[in-house]
Structures are given as C-alpha cells and as structure tokens.
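Quick notes on the structure that follows.
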Amino acid sequence: MIRTATRDDVPELRAMIRELADYERAAEQARATEEQLREALFGERPAAYALVAEDDASGGTVGFALWFPRFSTWTGTRGMHLEDLYVRPGARGGGHGKALLAALAAICTRDGYERFEWWVLAWNRPTIEFYASLGVEFLDEWKVCRLSGGPLEELAAKAPVVAERASR
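To convert, count from 1 in the sequence shown and add 1; that's this note's numbering.
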C-alpha cells in the first residue's frame, strides 16, 4: 500500500533516510533531525512531501519517496523533483519502488507537472537498471552542481543587497 506520509511517520522516515545515506556511503551527511523533517513536511509552508510504502502482509513501513515541486522556465510549468526513493533491502523486488514511482507519476499527471526528475549515483547499477526498465531517460550531458559549506558562505558574503518589492 502507498499512502501520504503523516506526522506520525517522521521517526520512521528519519530512520530510512539514515539507512539510505548508509547505503549511499554518506552516513555522516544524514544530519536531518525529526524536528527538521516535521517542519519541512508538515509546517506552515512545506518544503517537501512524502509518500510511504507499507507491506500488506506485515503492515510495516518498507519504503518512502520524498519530493518537491520544481519550475521550468522553458515549459512555463511545474515539475517534480524526487529527492529520495528508498525501499528497505528485505522488501526489494516486491514492487514497492515501482508503486512509489507510479504514485508520483500519477501526482504529476493529476497536477499538470510536465517533468519528473531525479538523480541516481553513477555506481548504483541495480537502481540504474531498474529505472531503465521503466523507460527513464538519462541526461548524461548535465552535471550536478553543489555549493555548500565555506564556498557557499564566501559567495554569499559577496552578494549585493537585494531589494524586496513592497507587494507580494
């Protein structure tokens, strides 16, 4: 079963995020707290949304998908960015990942999102093969860019003052 995440899912979401980070060889980078996730997903202005996959037999949470809207200046429409898709190892091969992706695709079509995009680590062959089986287009000509830590702060220090418009 796939359903929308609730506040009660936050501890399990955090646990799975840590499991995913460990799998991706970056456990030390998974620093999000339950409070941060609760605010990001269920606060006054949500930054992201999540679906959870539950196993029909056990009723336990076996996976999740966390996403947020994007905007394309080229198409003039919204799109979806999938931040994380994770299915626990014991539940892989049971259709949960495909069901999560299908549910997200349905949200895209329902809400008029023309693009559904995400990243995958280049070394993660099983996941790449899974995505390829769904007809995913891999955009090899693009590079992911990230600015964080000291370099982010250094660039921010060079920013001009940005005037806010009176009406919003």
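Glycine included, every Cβ here is placed at the ideal spot set by N, Cα and C.
Cβ-based burial, residue i [other Cβ within 10 Å; buried from 16]
i, result
"R46", "exposed"
"M2", "exposed"
"A170", "The structure shown does not extend to residue 170, since the chain spans only 2 to 169, so no value can be given for it."
"V11", "buried"
DSSP three-state assignment for residue i, whether helix, strand or coil
i, result
"L101", "helix"
"L42", "helix"
"S134", "helix"
"T110", "helix"
"T128", "helix"
"A33", "coil"
"E118", "strand"
"R66", "The displayed chain sequence assigns Ala, not Arg, to residue 66. DSSP places A66 in strand when its eight states are reduced to three."
Alpha-carbon spacing of residue i relative to residue j, whole angstroms
i, j, result
"A158", "V63", "43 Å"
"K144", "E84", "16 Å"
"N125", "D141", "15 Å"
"Y50", "D9", "14 Å"
"A48", "W120", "18 Å"
"S175", "E29", "The structure shown does not extend to residue 175, since the chain spans only 2 to 169, so no value can be given for it."
"L67", "A164", "33 Å"
"G150", "M17", "25 Å"
"G94", "G61", "16 Å"
Whether residue i touches residue j by CB criterion (8 Å)
i, j, result
"T74", "E115", "no"
"A22", "L14", "no"
"H82", "F69", "yes"
"E20", "L122", "no"
Problem set entry | Inter-stretch contact at 8 Å, needing at least 3 Cβ pairs: the stretch 31–42 / the stretch 84–93 | no
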